[in-house]
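S.K.: Here it is, the structure in full.
Protein chains in written order, with our numbering: chain W, 5 to 713; chain A, 5 to 713.
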């Protein structure tokens, strides 16, 4: 779809300049220097020749057809240049020029006009305000970057042009090649989602790495990323994570579900590997590009020094991987071939005087051991050590297995420590696609990313259960609220909505008179609970608006009068729906489940233990809706307090599947009704196996309806 | 004290060899190559000359006096060599030879003999099984390392010789100098503590960096580290952190207080900066060696690219530092001098085309802004960027302030991103002592270490309160237990001990008959609590051995008989002390305080909220005893559940000072009685301000007494 952009046969550079130092010169020079095989058509009203290439005054003078136009003219001339490019048959346009949306409303308006112009002609637009793009396999450098990387198999998507240049310089420093690099700038048309899809299908790309500050469309991103991650790994660093999340939220879920948590949930759902730092982005990407995925998380550590071996074992455990228990055969084999003082446990200590052969032998033993999934090779340069030769011998050993179809290859990552003596070894490794890290901890963090991604790839197929529900009833209740502009749904109505979706709601009704309350209490059965219902009393219990365990008609009367009196005294102007009377739930463990609609990624479900666990410990998990039964269980297991649900010493466990089922129902409700902005069921009372979780209290906030433009 | 070791006038190399590749050759060659100014005396029975230096058959032949002997002879000849060295007047001996304690009992025995020999003659011993030592300021390389570092101001203590070589190679790769490097090997005599003390007094050492796997003596380490850290920063990486901690602990405190937590507590107490990774060790050490300490935690970020600026701001917030709010004057000054599109907020975006002057101007503005404590300078190499020139200009600016006594200097750390184009800038920085990092996150992690250390330096003086207590009574109870070899102290006796230290213990007594129980209950006042007391019933409530809220004599009788019956049925052979009857505490918030004596660092105090907070959430804090009032409060504030103590919505807070006071009493008890191995007060019931925390249950375990050898 984007082939005219990524692999054009002819490129016009509109705004080509003869002045070195000008961006319009740099782009032309880069195209020429990279040895682009197609037609390069510089356009400049002055005509003439630049760098030996004929310059046309305009594309009409050139007369031929172009695939791609790179535009570097001043802001006010950009629109005409786009028109000219389209006239010459361009299917894709890259606008380098800045001064658009990022500057203010005037620029944004111009940007919109240009975007519409392109869209109306079916022309794809990259930028504006970007660095351009590079395709090493097409010998194309249509950017004003200082460097052209070597051919490689990592493709980069970056929302920051400056970061592209840092990435290129970083890759040069490590002698690492890249496949494609796109600087997406203001994302007027093409954005991260388009390139995820394009790179997923690109045979020259093995890993997609991205730097993003925002995502244009959450939904489209999740779909594209999930599809792409099923084919190849995606590593993304998302900046701006600490930007304050939901500030004026009306629910617990809302106040806990910040934007960063939504990104995390979206990445997790779609198999995107998240890099927390700039270095991690490349640490992970190189490991994934260079080595096969591990089958499990059992790590063998080979080292010529005790200290770094301990460091590595620490890191393996801290990151939740496992130090492999080597098979007996391995120990015997190692013992036979290593000096007596060597450790044949794991870490395998080949000793300070280890020669390359001893390393190769240890790697072979680990490769052949069925209880090992991945191998970390550590070297500290000592008096007898030959780092480069050791690297070569290890590489030979690794290649031997790669060609042996009987034994599936295991990932091998190196951590050759030091700065100068180990440099030749590092170059050997990178040239032969074995990732090398300056410290064991970084190698193991990269391995952890591989393990997580491999697990995601092996996840069971996602089947979302659809429960039979009364959707019509919910539609009616919501419509009624929206008609009168009431966005807070009171407890009675919220419970009616949940009841329609077959949540287990205690029998109850909103009452406006004492006599009605007594009648309802008798009907639902004692003991009952009474709660004030007013849109102006958000924290009901703070004003004495909740009474539990009421056991007869007289208590109902007393409670009714008392609550009415109190609310009038404390909030004189309160709008009052009445008093909600319901049968009291069987006591059990209190949990909270909730939903917040993220502006980017849609409904996000939350789960946590109730009360202080949410309010103080913030011990909650999130997942994008819709969720599967397995994902619902994962949400329970992801909390630190899970042990309490499962049943700790002296406490019986709860019906975990029933809680998961309730989360799935909530998922369905949230997916069915985009009108619901936030929802808290707090507490949901859960009991032992065989019981249905009961909705003790619920609150729903509807979204402000946008008026059609 | 160690000057004959660190700055000897003459060095004998006993076991000098003429064969290149041999360790005995490498050491001599290193001494010669480093240009050692004193006398070098190679000793080898073959005599002759090596590398132009006369070799003596033995030290008698040499005849002169030596300060230091480096011994590289075979294992069985080491003792004689040591004797020979002592005979020639050596005050310090370095044993390179391996095969001692690290190999087995035979080696350990030989090591002890040699250590005693040295001790009896007042000679200090480094090693055995080590790499040797380096002192760049003394032009001495008495090691078999491959490299001699340049002069610098970081001194290294390493328990791993191999890691020393990795460190030297790493320093060479960064063109970084070192002051001293010691490889402490088996630590037969000299250990980390000796070198902490020596380097604290060493004018050429500005920062002490260490790699440790164990600590020889916890007490001595804490004292030496605290004294040294008051003079200069100490950064230590401690490996082996995940090694399983207390396995068979008899208390909650014991099971939560692993060895790694003890190291953490010891480092925190003594001001040691802990590096979690190998890279962090040097990231922190270089920052501390090169830049002044910040006065606070408000960070200004200067960048020529938006993306990295966001990354840096994220990292600042994630690490608990603050993105400074720039003063108004700064904004005005920046606005006047930066292009219109530049951001004069923080991060200060000097734009992609920033020249060196623009950077210098931004640095100057941040230096002069009183709301800034530290400055991070970020550069992404773009088309117009001159990294090296920018580095030089920034350095000039930084030096300008350094010589201005009116404005105290602020730390400046750089993150010039990339690999090749930025390399010349990195060299400029390191040559002029400005730390540079490959990514903003690492610069900011180093800054965080500086901020933490600066805070430790500014901490209030430690004053430990001593309460008047009845120490004799506790001595008697403990002696009675130890005489009969009973290490578990029952609740009644534990409460007597605590009572003697003025903890608030509910009135109560151990009863052996029903009538006694009724009498005691009447005496202490209803309602009472009854609890079975048996060394064989550790989890009393699990066997129905606890009854609360007993309100009259008849209930006492029933409970007594029931408990007796139950324990006989459930644990037929149980030894039975009786039933403990006490008045019931006023309900309140339940917390746990405890103590575990760490084999290395002595009594470690624990605090946490009771029940699930400890058992499930593991939300506890630790501190080495003795503690001050301030440290006790810090322990409370360090828990995630602190908000509950302070008083969250709808809940009154507790008397925090009273809880802190109870912790201080516990600290005194733990310090006074090394016989106490573990202690749990669980729960301690704490109430609102003005109340004394009450010991509802307590358990004490005494230490197995070692028989004098």
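Glycine residues also receive a C-beta, built at the ideal position from the N, C-alpha and C atoms.
1. Using DSSP bridges, identify the partner residues of residue 599(W).
2. Does residue 195(A) have its Cβ less than 8 Å from a Cβ in chain D?
3. If you reduce the DSSP assignment to three classes, tell me which class residue 414(W) lands in.
4. Taking Cβ positions, are residue 38(A) and residue 190(A) nearer each other than 8 Å?
5. Excluding five sequence neighbours on each side, which residues of the same chain lie with their C-beta closer than 6 Å to the C-beta of residue 635(W)?
6. What is the C-beta distance between residue 493(A) and residue 345(W), in whole angstroms, given that I count them as a contact (C-beta under 8 Å)?
7. Give a yes or no on whether the C-beta atoms belonging to residue 597(W) and residue 617(W) are separated by under 8 Å.
8. Quick one: what does DSSP say residue 127(A) is sitting in, helix, strand or coil?
9. Does residue 616(A) come within less than 8 Å of chain W when only Cβ atoms are used?
10. With DSSP collapsed to three states, give me the class of residue 690(W).
11. For a contact meaning CB atoms closer than 8 Å, what does residue 131(W) contact in chain A?
12. Going by DSSP, name the residue or residues bridged to residue 580(A).
13. Distance check for residue 549(A) and residue 707(A), CA to CA, integer angstroms please.
14. Can you grab the Cα-Cα spacing for the pair residue 75(W) / residue 418(W), in whole Å?
15. Looking at chain A, is there any beta carbon in it that lies within less than 8 Å of the beta carbon of residue 318(W)?
16. For residue 347(W), write down the residues that DSSP places opposite it in a beta bridge.
17. Is the separation between the beta-carbon of residue 534(A) and that of residue 496(A) shorter than 8 Å?
18. Find the nearest neighbour of residue 514(W) within the set 530(W), 503(W), 583(W), 486(W), judged by alpha-carbon distance.
19. Across which residues does DSSP place residue 594(W) in a beta bridge pair?
20. Do the region 377-393 of chain W and the region 418-434 of chain W make contact, defined as three or more Cβ pairs closer than 8 Å?
21. Per DSSP, which one or two residues make a beta bridge with residue 515(A)?
22. Considering just the uninterrupted stretch of the beta strand (DSSP E) at residue 29(W), what are its terminal residues?
23. Just how far apart, CA to CA, sit residue 103(W) and residue 48(W)?
24. Which residues bound the alpha helix (DSSP H) around residue 627(A)?
25. So which residues on chain W does residue 424(A) lean against when the C-beta distance must stay under 7 Å?
26. Give a yes or no on whether the minimum CB-CB distance between residue 288(W) and chain A is below 8 Å.
27. Spell out a yes or no on whether the region 147-166 of chain W and the region 386-405 of chain A are touching, meaning 3 or more CB-CB pairs, one atom from each, closer than 8 Å.
28. Rank 210(W), 207(W), 263(W) by C-alpha distance to the C-alpha of residue 218(W) and give the top, closest one.
29. What residues in its chain sit with their C-beta under 7 Å from that of residue 317(W), if we drop five residues either side in the sequence?
30. Classify residue 8(W): buried if its beta carbon has 16 or more other beta carbons within 10 angstroms, exposed otherwise.
31. Can you list the residues of chain W that residue 169(A) reaches, using a CB-CB cut of under 7 Å?
32. So, is residue 391(A) buried or exposed, given that buried needs 16 or more other C-beta atoms within 10 angstroms?
33. Would you say residue 342(A) faces chain W, with C-beta separation under 8 Å as the test?
34. Which residues, taken in chain order from the region 679-706 of chain W, show a beta carbon closer than 7 Å to some beta carbon of chain A?
35. Tell me whether residue 225(W) sits in a helix, a strand or coil according to DSSP, three-state version.
36. So what's residue 22(A) in DSSP terms, helix, strand or just coil?
M.R.: With the given structure in hand:
1. Along the first chain, one-based indexing puts residue 599(W) at 595. DSSP, once it has assigned bridges, lists 609(W), 683(W) as partnering residue 599(W).
2. In summary, chain D is missing from the structure at hand, where the protein chains are W and A.
3. Within the first chain, the letter at position 410 stands for residue 414(W). In the structure shown, residue 414(W) sits in coil (DSSP, three-state: anything other than H, G, I, E or B).
4. Along the second chain, read from residue 1 onward, the residue named residue 38(A) stands at position 34. Along the second chain, read from residue 1 onward, the residue named residue 190(A) stands at position 186. Not closer than 8 Å, so no.
5. Residue numbering aside, residue 635(W) sits at position 631 when the first chain is read from its first letter. Cβ within range, chain order: 627.
6. Against the second chain, residue 493(A) aligns to sequence position 489. Against the first chain, residue 345(W) aligns to sequence position 341. No, residue 493(A) and residue 345(W) are not in contact; Cβ-Cβ is about 47 Å, not under 8 Å.
7. Taking the first residue of the first chain as 1, we reach residue 597(W) at position 593. Taking the first residue of the first chain as 1, we reach residue 617(W) at position 613. No, the Cβ-Cβ distance between residue 597(W) and residue 617(W) is not below 8 Å.
8. Mapped onto the second chain, residue 127(A) falls at position 123. The answer is coil: DSSP assigns residue 127(A) none of H, G, I, E or B.
9. For the purposes of this step, residue 616(A) is taken as the residue at position 612 of the second chain. Judged by the 8 Å Cβ criterion, residue 616(A) is in contact with chain W.
10. The residue given as residue 690(W) occupies position 686 in the first chain. Here residue 690(W) sits in strand by DSSP.
11. Indexing the first chain from 1 puts residue 131(W) at position 127. None at all; the shortest Cβ gap to chain A is about 15 Å.
12. Taking the second chain and counting its residues from 1, one reaches residue 580(A) at position 576. Looking at the DSSP assignment, residue 580(A) forms no beta bridge with any residue, so it has no partner.
13. For this step, residue 707(A) is matched to residue 703 along the second chain. For this step, residue 549(A) is matched to residue 545 along the second chain. Approximately 27 Å, taken between the alpha carbons.
14. Numbered from its first residue, the first chain carries residue 75(W) at position 71. Numbered from its first residue, the first chain carries residue 418(W) at position 414. Their backbone Cα atoms lie some 44 Å apart in a straight line.
15. Residue 318(W) sits at position 314 when you count from the first residue of the first chain. By this cut-off, residue 318(W) is an interface position.
16. Taking the first chain and counting its residues from 1, the one referred to as residue 347(W) is at position 343. In the DSSP output, where bridge partners are listed per residue, residue 347(W) has 353(W).
17. As a first step, residue 534(A) is located in the second chain; it is residue number 530 there, counting from the start. As a first step, residue 496(A) is located in the second chain; it is residue number 492 there, counting from the start. Cβ distance not < 8 Å, so residue 534(A) and residue 496(A) don't count as in contact.
18. The residue given as residue 514(W) occupies position 510 in the first chain. The residue with the shortest Cα to Cα distance from residue 514(W) is 583(W).
19. Within the first chain, the letter at position 590 stands for residue 594(W). Per DSSP, 689(W).
20. yes
21. On the second chain, residue 515(A) is found 511 positions in, with the first residue counted as 1. The partner list for residue 515(A) (beta bridge, DSSP) reads 583(A).
22. Here residue 29(W) refers to the residue found at position 25 of the first chain. Element bounds for residue 29(W): not the beta strand (DSSP E) but the alpha helix (DSSP H), 27-37.
23. Taking the first residue of the first chain as position 1, residue 103(W) is located at position 99. Taking the first residue of the first chain as position 1, residue 48(W) is located at position 44. Rounded to whole angstroms, residue 103(W) to residue 48(W) spans 21 Å at the Cα level.
24. By 1-based counting over the second chain, the position of residue 627(A) is 623. Here residue 627(A) belongs to no alpha helix (DSSP H); instead the beta strand (DSSP E) covers 624-628.
25. Here the question's residue 424(A) lines up with position 420 in the second chain. Within chain W, the residues near residue 424(A) are 173, 176, 177.
26. In the first chain, residue 288(W) corresponds to position 284, counting from 1. Cβ-Cβ to chain A under 8 Å: no for residue 288(W).
27. yes
28. By 1-based counting over the first chain, the position of residue 218(W) is 214. Considering only alpha carbons, the answer is 263(W).
29. Against the first chain, residue 317(W) aligns to sequence position 313. Same-chain partners within the cutoff: 305, 327, 351.
30. Stepping through the first chain from its first residue, residue 8(W) is reached at position 4. When all chains shown are included, residue 8(W) counts as buried.
31. As a first step, residue 169(A) must be located in the second chain, where it is residue number 165. Here the neighbours are 384, 385, 386.
32. As a position in the second chain, residue 391(A) is number 387, starting the count at 1. That one is buried.
33. Translated into positions along the second chain, residue 342(A) becomes position 338. Answer no: the Cβ-Cβ gap between residue 342(A) and chain W never drops below 8 Å.
34. none
35. Here residue 225(W) refers to the residue found at position 221 when the first chain is read from its first residue. In this structure, residue 225(W) counts as helix in the three-state DSSP scheme.
36. Locating residue 22(A) in the second chain gives position 18, counting from the first residue. If DSSP states are grouped into helix, strand and coil, residue 22(A) belongs with coil.
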